[in-house]
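J.: So the protein lines, in turn, are chains X and V.
Just so you know, the first sequence maps onto residues 1 to 315 in the numbering used here.
Just so you know, the second sequence maps onto residues 1 to 62 in the numbering used here.
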Amino acid sequence: MLKSSVDRVAEATPRAIANRMHGLSDRALAWLFVGPSIVLLLAVNIFPLIWTIRLSFTNFRVNRPNAEVEFVGLKNYLNILSDRDIWLTMQATAHFLIWTIVLQVLIGFTLAYLINKKFRGNDLWTTIIVLPMMLSPAVVGNFWTFLYQPQIGLFNYAVGFLTGADPSSFSMIGDVSLAPWAIVIVDTWMWTPFVMLICLAGLRSIPGSIYEAAECDRASKWRQFWTITIPLVLPFLMLAVLFRGIENFKMFDLVVQLTGGGPGSITELTSINLKREAFEKWRTGYASAYAVILFVTVFGLASIYVKALNKVKQR
Amino acid sequence: MTRFFNGLLHFRRSAWEMLASVLIAAGVFMLMQPFALVLYSWSFVVTLLGTVMFIIVSHFPE
Numbered sequence: 001m002l003k004s005s006v007d008r009v010a011e012a013t014p015r016a017i018a019n020r021m022h023g024l025s026d027r028a029l030a031w032l033f034v035g036p037s038i039v040l041l042l043a044v045n046i047f048p049l050i051w052t053i054r055l056s057f058t059n060f061r062v063n064r065p066n067a068e069v070e071f072v073g074l075k076n077y078l079n080i081l082s083d084r085d086i087w088l089t090m091q092a093t094a095h096f097l098i099w100t101i102v103l104q105v106l107i108g109f110t111l112a113y114l115i116n117k118k119f120r121g122n123d124l125w126t127t128i129i130v131l132p133m134m135l136s137p138a139v140v141g142n143f144w145t146f147l148y149q150p151q152i153g154l155f156n157y158a159v160g161f162l163t164g165a166d167p168s169s170f171s172m173i174g175d176v177s178l179a180p181w182a183i184v185i186v187d188t189w190m191w192t193p194f195v196m197l198i199c200l201a202g203l204r205s206i207p208g209s210i211y212e213a214a215e216c217d218r219a220s221k222w223r224q225f226w227t228i229t230i231p232l233v234l235p236f237l238m239l240a241v242l243f244r245g246i247e248n249f250k251m252f253d254l255v256v257q258l259t260g261g262g263p264g265s266i267t268e269l270t271s272i273n274l275k276r277e278a279f280e281k282w283r284t285g286y287a288s289a290y291a292v293i294l295f296v297t298v299f300g301l302a303s304i305y306v307k308a309l310n311k312v313k314q315r
Numbered sequence: 001m002t003r004f005f006n007g008l009l010h011f012r013r014s015a016w017e018m019l020a021s022v023l024i025a026a027g028v029f030m031l032m033q034p035f036a037l038v039l040y041s042w043s044f045v046v047t048l049l050g051t052v053m054f055i056i057v058s059h060f061p062e
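1) Might you give, ordered along the chain, the residues of its own chain that have their beta carbon closer than 6 Å to the beta carbon of X/K250, omitting 5 neighbours on each side?
2) In chain V, which residues lie less than 9 Å from X/A179 when you measure between Cβ atoms?
3) Residue range of the alpha helix (DSSP H) that X/T331 falls in?
4) Measuring only the C-alpha atoms, how far is X/V130 from X/F155?
5) So if DSSP puts X/L194 in a beta bridge, which residue, or which two residues, is it bridged to?
6) Check whether the segment 271 to 287 of chain X and the segment 13 to 28 of chain V touch, using three or more Cβ-Cβ pairs below 8 Å as the test.
7) Near X/V186, what residues of its chain come up, given a Cβ to Cβ distance below 8 Å and the 5 sequence neighbours on each side ignored?
8) Go to X/N310, then tell me how far its alpha helix (DSSP H) extends in each direction, as first and last residue.
9) For X/S288 and chain V, any beta-carbon pair shorter than 7 Å?
10) Beta carbon of V/L48, beta carbon of X/V296: below 7 Å?
11) Please look up how many angstroms separate the CB atoms of X/I266 and X/A92, rounded, as I've assumed it's under 8 Å.
12) Which residue's Cα is closest to the Cα of X/P235: X/R61, X/Q314 and X/S37?
13) Enumerate, from N- to C-terminal direction, the unbroken alpha helix (DSSP H) stretches of 4 or more residues contained entirely within the segment 21 to 80 of chain X.
14) Give a yes or no on whether 7 Å exceeds the smallest Cβ distance from V/A29 to chain X.
15) Would you mind working out which of X/K311, X/V195, X/S303 and X/K307 sits nearest V/V52, comparing C-alpha positions?
16) Indicate whether X/L242 and X/Y305 have their beta-carbon atoms separated by less than 7 Å.
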């Protein structure tokens, strides 16, 4: 008689191990499987978080490991929350966050709506649109610095061609008023395809029968869009906003490569500023307090966002 | 509005979650607004209060 693979594995298990496993309850087995993940989570996520909170109340500097560490209470928090430079950094982050999300949602949804229509070369266009998302942020930052070159940059040439302005008369990453927009443009170019893909999944999940029923009721295309398409795609859109919001709040690599936080500190986002405090000025305690402030902000925002998302899903 | 205040008095989750959400949103706005340094200085306290409140009240009965 042929033996099943389960029987063969059972027979191959050494007698000592089999006897030991035989006595385990379902609950114990469940803990056995989940245990390593929990230990890993505690070691990689929870422990560093608790350690950061602890360090935020001290004057610890990681480049002076032998120096005496003093408890400074809330001093680091008070210094951060009265520092005008960090306040400006927060404003730069808000500008970047708001405009990238607005542009990515608008353009991403429009592209998804167009791609969702049946036309020849649909798949090819989807692949071409998705390409920027697959590139490394370091590569994107590097080649956009060339595109933004006033003398030889394609971007300046295109703007000059469209507006009649002299291409070398402006520098996107060297001008204080243009640099914040330069990083917004690059992030939008890179991550709009991601929002488009999520919206496309939402659009493709809407059953055609709903539109057919609306056609039977003589609902106009405009009304179908506002009463069927938008409400059913909304949870997907909100998910995209959540992902992009959290990602852009901690944006680092792309902006460092593109502007390095300059000119001056006009494009210095919070994560870049935090890295400078932690690994250039070596103020570890101060940087820990800074990180805790950012963590609480993102955690709070994510909490209310997830609640809103669940509400939309229940409707 | 009366329902909201009744919810707060009777420790209903939705009313308290709403209050916590408003605090978090206000805290984040205060953190990133360009108008007054004093709002920025108090932003973390407001956000932290809202976040802790949100975690606690999400265990209240509906």
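Every residue, glycine too, gets a C-beta built ideally from N, C-alpha and C.
T.: Per the coordinate set shown:
1) So the qualifying residues of the chain are S271.
2) Within 9 Å Cβ-Cβ: nothing; X/A179 doesn't reach chain V, min ~17 Å.
3) The first residue shown for chain X is 1 and the last is 315, placing residue 331 of chain X beyond what the model contains.
4) Roughly 20 Å separates the two Cα atoms.
5) First, the amino acid is wrong: residue 194 of chain X is Phe here, not Leu. In the DSSP output, where bridge partners are listed per residue, X/F194 has none listed.
6) They do not touch, by the three-pair rule.
7) V140, G141, W144, L254 and L258
8) T284 to Q314
9) no
10) yes
11) At roughly 7 Å, the Cβ-Cβ gap stays under 8 Å, so X/I266 and X/A92 are in contact.
12) Residue nearest to X/P235 within the set X/R61, X/Q314 and X/S37 is X/Q314 (criterion: CA-CA distance).
13) 26 to 41, 47 to 55 and 75 to 80
14) Inspection of the sequence shows that residue 29 of chain V is occupied by Phe rather than by Ala. With 7 Å as the cut-off, V/F29 does not count as an interface residue toward chain X.
15) X/S303
16) yes
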